[in-house]
Amino acid sequence: MRKPNKKPSTPGDLPPQAKHLPQAVWHTHSPEETEAVGARLAEQLQPDTLILVSGALGAGKTTLIRGLCRALGITEPIRSPSFTLVNEYTIRYPPTLAGLPLFHLDLYRIETHEQLETLGLDELLERGGITLIEWGEALTALGFDYSPQHLWQIKIMPQADESRIIEQHITS
Numbered sequence: 002m003r004k005p006n007k008k009p010s011t012p013g014d015l016p017p018q019a020k021h022l023p024q025a026v027w028h029t030h031s032p033e034e035t036e037a038v039g040a041r042l043a044e045q046l047q048p049d050t051l052i053l054v055s056g057a058l059g060a061g062k063t064t065l066i067r068g069l070c071r072a073l074g075i076t077e078p079i080r081s082p083s084f085t086l087v088n089e090y091t092i093r094y095p096p097t098l099a100g101l102p103l104f105h106l107d108l109y110r111i112e113t114h115e116q117l118e119t120l121g122l123d124e125l126l127e128r129g130g131i132t133l134i135e136w137g138e139a140l141t142a143l144g145f146d147y148s149p150q151h152l153w154q155i156k157i158m159p160q161a162d163e164s165r166i167i168e169q170h171i172t173s
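Counting in the working numbering, the sequence shown tops out at residue 173, every number present.
So this is what it looks like as structure tokens:
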């Protein structure tokens with residue numbers, strides 16, 4: 002007779018397949034709702050967090066990041082750094098994050114490890130702020146070794162009805 006499975010009590014007790022399940026899922030129907038998800042994510046932030054944002058062109062990556070930045074008191078225009086590659090802002094609130102840098106990167110046009118190195122990502126991560134990377138899946142594809150204190154993966158999936166499914170995975 003098989004013993005019943007005990008209910009996991011801590012994340013470390015989860016079966017291997019459950020460790021890849023998203024911690025949160027949102028279904029948004031407008032850019033405003035996608036920005037609101039970004040604001041909710043901002044409430045969970047801690048210093049030294051790397052957030053890798055993935056999704057197809059036009060999925061809403063910059064829109065989500067704009068909502069997160071607004072919730073941190075950043076009032077400058079938030080645009081995808083497709084050509085500048087890195088935008089830097091100063092977080093104004095909450096007090097636990099105030100004064101820390103927020104880096105917004107876009108790796109869409111980065112094709113080699115050498116190009117990635119020219120961004121100085123190691124130095125940005127060492128500053129202990131918040132680092133948001135659009136097309137974050139490129140880090141792994143280009144062989145970048147990273148180990149921030151907190152690592153999030155945000156996946157934005159456009160749906161046929163123009164809505165978005167947004168998944169948050171916290172891996173460390």
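Ideal placement from N, C-alpha and C gives every residue a C-beta, glycine not left out. Here the structure is a predicted model, which means the values were calculated and not measured.
**Prompt:** Whose C-beta lies closer than 6 Å to the C-beta of G56 among residues of the same chain, with five residues either side of it excluded?
**Reply:** Taking the sequence shown and counting its residues from 1, one reaches residue 56 at position 55. Cβ within range, chain order: K62, I157.
**Prompt:** chain D beta carbons: is any one of them nearer than 8 Å to that of D49?
**Reply:** Going by chain labels, chain D is absent from the structure shown, which holds only one protein chain.
**Request:** Return the chain-ordered list of same chain residues with a C-beta closer than 6 Å to the C-beta of L1, the five sequence neighbours on each side being excluded.
**Result:** There is no way to answer for residue 1, as the model of the chain reaches only from 2 to 173.
**Prompt:** Should T172 be labelled buried (16 or more other beta-carbon atoms within 10 Å of its own) or exposed?
**Reply:** Position 171 of the sequence shown, counted from the start, is the residue given in the question as residue 172. With fewer than 16 other Cβ atoms within 10 Å, it is exposed.
**DSSP-derived helix/strand/coil call for Q154** = Position 153 of the sequence shown holds residue 154. Three-state result, Q154: strand.
**Prompt:** In its own chain, which residues sit with a C-beta less than 7 Å from the C-beta of Q160, not counting the 5 before and 5 after it?
**Reply:** Working through the sequence shown from its first residue, we reach residue 160 at position 159. Excluding residues within five positions, the ones whose Cβ falls inside 7 Å are I166.
**Item:** Own chain residues within Cβ distance below 7 Å of P149, not counting five before or after
**Value:** Against the sequence shown, residue 149 aligns to sequence position 148. Contacts found: D49, T50, L51, L126.
**Message:** Are the CB atoms of L143 and H114 within a distance shorter than 8 Å?
**Reply:** Counting from 1 along the sequence shown, the entry for residue 114 is found at position 113. Counting from 1 along the sequence shown, the entry for residue 143 is found at position 142. Yes, they are a contact pair.
**Message:** Tell me the rounded alpha-carbon separation between Q168 and I155.
**Reply:** Stepping through the sequence shown from its first residue, residue 168 is reached at position 167. Stepping through the sequence shown from its first residue, residue 155 is reached at position 154. The amino acid occupying residue 168 in the given sequence is Glu; Gln does not appear at that position. Distance between the alpha carbons of E168 and I155 is about 6 Å.
**Prompt:** Is P32 helix, strand or coil when you go by DSSP?
**Reply:** Here residue 32 is taken as the residue at index 31 of the sequence shown, counted from 1. P32: helix per DSSP, three-state reduction.
**Message:** Let me check understanding here. Comparing Cα to Cα, which of G130, A25, R110 lies closest to H151?
**Reply:** Position 150 of the sequence shown holds residue 151. The shortest C-alpha separation from H151 is found at G130.
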